[in-house]
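**Q** Pasting a structure here, questions to come.
Numbering (the working numbering), first residue to last: -19 to 166.
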């Protein structure tokens, strides 16, 4: 009888754990539900464009917008350079400032702005330089040059000469203290 009780208890615990695991699996968001932006097509619009077909350099001039999934770049000038051996492309955007926006997998936006943005989808990187600023959820990093790997979400910021990289961090959740009313104090 004792063995039968233990056997039923183990069976019920196993079923209970299985139900809990199934419920947890349904609550956890699927991280790979969307394609990575680099796997999606790139759309470029501009007021004008020119092409150096021999050297594989395409220039997009005035009011340039590049979009790829959740990623958007705004600039005054963009040059797209096709690498000879690999056929991969480098996008060099210039503006006052040029901007880069992307929604990360957790749904939070990241914004970059600088005089120049160098976007290399094959390397999963964007390098911004000249008055570089990265902002995310109120926190900011500024410097001469910021490298951002959008696959690993790794950021490296640096400055030239005696200048410094500056970081401003915002708390994730600001704590609100209860306000005491005058009625309760008396």
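Ideal placement from N, C-alpha and C gives every residue a C-beta, glycine not left out. Source: prediction; values computed, not measured.
Take residue 68 and list the residues in its own chain whose beta-carbon comes closer than 7 Å to its own, dropping the five residues that flank it on each side.
**A** Locating residue 68 in the chain shown gives position 88, counting from the first residue. Cβ within range, chain order: 102.
**Q** By the three-class DSSP mapping on this structure, what secondary structure does residue 146 have?
**A** Along the chain shown, one-based indexing puts residue 146 at 166. Reduced to three states, the DSSP call for residue 146 is strand.
**Q** From this set, 83, 88 and 79, which residue's C-alpha is nearest residue 112's C-alpha?
**A** Translated into positions along the chain shown, residue 112 becomes position 132. Taking only the C-alpha atoms, the option nearest residue 112 is 79.
**Q** Since residue 56 is in the beta strand (DSSP E), which residue starts that stretch and which ends it?
**A** Position 76 of the chain shown, counting from 1, holds the residue named residue 56. Counting along the chain, the beta strand (DSSP E) containing residue 56 begins and ends at 51 to 62.
**Q** Excluding the five sequence neighbours on either side, which residues of its own chain have a C-beta within less than 6 Å of the C-beta of residue 118, listed in chain order?
**A** Within the chain shown, numbered from 1, the residue matching residue 118 stands at position 138. Taken in chain order, the residues that qualify are 150.
**Q** Please report the residue range of the beta strand (DSSP E) in which residue 35 lies.
**A** To locate residue 35, count along the chain shown from 1; it is residue 55. Residue 35 -> no beta strand (DSSP E), and no H or E assigned at all.
**Q** Which residues does DSSP pair with residue 135 in a beta bridge?
**A** Stepping through the chain shown from its first residue, residue 135 is reached at position 155. Answer is 128, bridged to residue 135.
**Q** List the endpoints of the continuous beta strand (DSSP E) containing residue 91.
**A** Here residue 91 is taken as the residue at index 111 of the chain shown, counted from 1. Taken as a continuous stretch (DSSP letters only), the beta strand (DSSP E) holding residue 91 covers 89 to 100.
**Q** Could you give the residue range of the beta strand (DSSP E) that holds residue 77?
**A** Working through the chain shown from its first residue, we reach residue 77 at position 97. Note, residue 77: beta strand (DSSP E), 69 to 83.
**Q** Using the C-alpha atoms, what's the distance from residue 37 back to residue 147?
**A** One-based indexing of the chain shown puts residue 147 at position 167. One-based indexing of the chain shown puts residue 37 at position 57. Going from the Cα of residue 147 to the Cα of residue 37 covers about 36 Å.
**Q** Quick check: the Cα distance between residue 18 and residue 98, rounded to an integer number of angstroms?
**A** Here residue 18 refers to the residue found at position 38 when the chain shown is read from its first residue. Here residue 98 refers to the residue found at position 118 when the chain shown is read from its first residue. Each residue's alpha carbon lies about 15 Å from the other.
**Q** With DSSP as the reference, label residue 42 as helix, strand or coil.
**A** Start at 1 with the first residue of the chain shown, and residue 42 comes out as number 62. In this structure, residue 42 counts as strand in the three-state DSSP scheme.
**Q** Which residue wins for smallest C-alpha separation from residue 35, given the options 65, 128 and 108?
**A** Locating residue 35 in the chain shown gives position 55, counting from the first residue. Residue 65 is the option with its Cα nearest to residue 35.
**Q** Kindly indicate the opening and closing residues of the beta strand (DSSP E) around residue 23.
**A** On the chain shown, residue 23 is found 43 positions in, with the first residue counted as 1. 23 to 25 is the extent of the beta strand (DSSP E) around residue 23.
**Q** Report the rounded CA-to-CA distance for residue 115 versus residue 93, giving the unit in angstroms.
**A** The residue you call residue 115 lines up with position 135 of the chain shown. The residue you call residue 93 lines up with position 113 of the chain shown. Each residue's alpha carbon lies about 9 Å from the other.
**Q** Are the Cβ atoms of residue 27 and residue 42 separated by less than 8 Å?
**A** By one-based count along the chain shown, residue 27 stands at place 47. By one-based count along the chain shown, residue 42 stands at place 62. For residue 27 and residue 42, yes; Cβs fall inside 8 Å.
**Q** Give the range of the beta strand (DSSP E) segment to which residue 18 is assigned.
**A** As a working note, residue 18 is residue 38 in the chain shown. Looking at the DSSP string, residue 18 is not in any beta strand (DSSP E), and its letter there is neither H nor E.
**Q** When the Cα atoms are used, what is the spatial distance from residue 76 to residue 22?
**A** By one-based count along the chain shown, residue 76 stands at place 96. By one-based count along the chain shown, residue 22 stands at place 42. Whole-angstrom Cα-Cα distance: 23 Å.
**Q** Following the continuous beta strand (DSSP E) through residue 111, name the residue where it begins and the one where it ends.
**A** Position 131 of the chain shown, counting from 1, holds the residue named residue 111. Residue 111 -> beta strand (DSSP E) spans 105 to 116.
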